[in-house]
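> Using the numbering used here, you'd call the opening residue of the sequence shown number 1 and step up by one each time. This is the structure, below, for whatever I ask next.
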Amino acid sequence: MSIIVPAVLSTSKHGFKEDLARISQIPSISRVQIDVVDGNFAVPASWPYTAPGELQTMIASAEFLPQLDHIVYEIDLMCLDADRASEAWLALGATRLTFHAEGIIDLPWFLASARKRYGDIISFGLALNIASDLALIEPTLDCVEYVQFMGIARIGRQGQPFDKRVIERVRTFRVRYPELPVQIDGGVSFENAQDLLALGVSNLVMGSAFSRVSDPAGAIAALERSQSAFGV
């Protein structure tokens with residue numbers, strides 16, 4: 001599985017389909033993150049929200065998530081209604097859900113309910129904002145398969161500068177929970193990727209930096225070769 005996970009954040013159905021069509025044709029891509037922003041928990045709202053909190057109905061169709069036979073789709077739910085928003089994506093074939101801890105009132109109950117409903121078919125992850133304390137998620141880590149640390153100060157938009165505070169947060173977390181996979185989302189680029197992977201991060205979620213590179217397949221291959229050279 002590629003260590004780079006491209007992120008798609010679109011404001012329209014047309015743009016969403018175009019972005020996924022482009023990314024899904026890259027042979028080395030095995031996982032894609034879809035950013036879903038409700039316009040309330042984070043702004044601005046992304047498709048399929050037509051306005052803050054107003055979720056458009058999606059009809060299950062293979063056109064939405066291409067190459068399901070070899071690409072795993074992860075839904076990053078920057079939503080106050082994450083439970084409702086996730087249903088449509090699961091019906092389309094998504095198998096990983098990332099919940100933002102700050103957007104859920106009763107996190108233990110929420111995760112227990114989700115696990116009871118979906119069992120082990122769906123992988124759950126918790127995202128934590130740059131300013132939030134680790135104590136917010138620590139009581140529920142046995143209910144998730146991974147943790148996503150946000151590398152930017154303001155979530156919901158791509159192209160923001162990397163916030164170096166996340167580095168120490170990841171270091172602390174790796175010491176406390178060395179077995180739990182960690183990914184970083186926000187501000188990640190091919191320029192800082194090696195330094196972030198050196199922290200013991202499993203995957204890097206890359207949005208605008210991925211779309212800007214002229215040869216993403218070549219850039220991923222070069223990064224993975226460099227990691228192999230160091231025995232990672």
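Cβ atoms here follow ideal geometry from the backbone N, Cα and C, with glycine treated the same way. Source: prediction; values computed, not measured.
From the DSSP output, read off the bridge partner residues of R298.
Given a span of 1 to 232 for the chain in the structure shown, any question on residue 298 remains unanswerable.
> Would you tell me roughly how many angstroms separate the C-alpha atoms of L196 and A91, rounded to the nearest one?
Whole-angstrom Cα-Cα distance: 34 Å.
> I'd like the list of long-range same chain contacts for D81, defined as Cβ closer than 6 Å, with 5 residues on each side in sequence excluded.
Once the five neighbours on either side are set aside, D81 has no close Cβ partner at all.
> Are three or more beta carbon pairs between the stretch 126-141 and the stretch 97-106 nearer than 8 Å?
Yes, since at least three Cβ pairs between the stretch 126-141 and the stretch 97-106 fall closer than 8 Å, the two stretches touch.
> Around the Cβ of V175, are there at least 16 other Cβ atoms within 10 angstroms (buried) or fewer (exposed)?
The residue is exposed, with fewer than 16 neighbouring Cβ atoms inside 10 Å.
> So, using beta-carbon positions, are V188 and M206 closer together than 8 Å?
Their beta carbons are under 8 Å apart, which means V188 touches M206 by this criterion.
> Does G159 pass the burial test, meaning 16 or more other C-beta atoms within 10 Å, or should it be called exposed?
That one is exposed.
> Report the three-state DSSP secondary structure of T140 (helix, strand or coil).
Three-state DSSP puts T140 in a helix.
> Could you tell me whether the stretch 104-112 touches the stretch 134-141, where touching means 3 or more Cβ pairs closer than 8 Å?
Yes: at least three Cβ pairs fall under 8 Å.
> Would you check if the stretch 33-44 and the stretch 71-87 touch, i.e. whether three or more CB-CB distances between them fall below 8 Å?
Yes, the stretch 71-87 touches the stretch 33-44.
> When you compare only the Cα positions, how much space is there between A51 and Q227?
Answer to the nearest angstrom: the Cα atoms are 42 Å apart.
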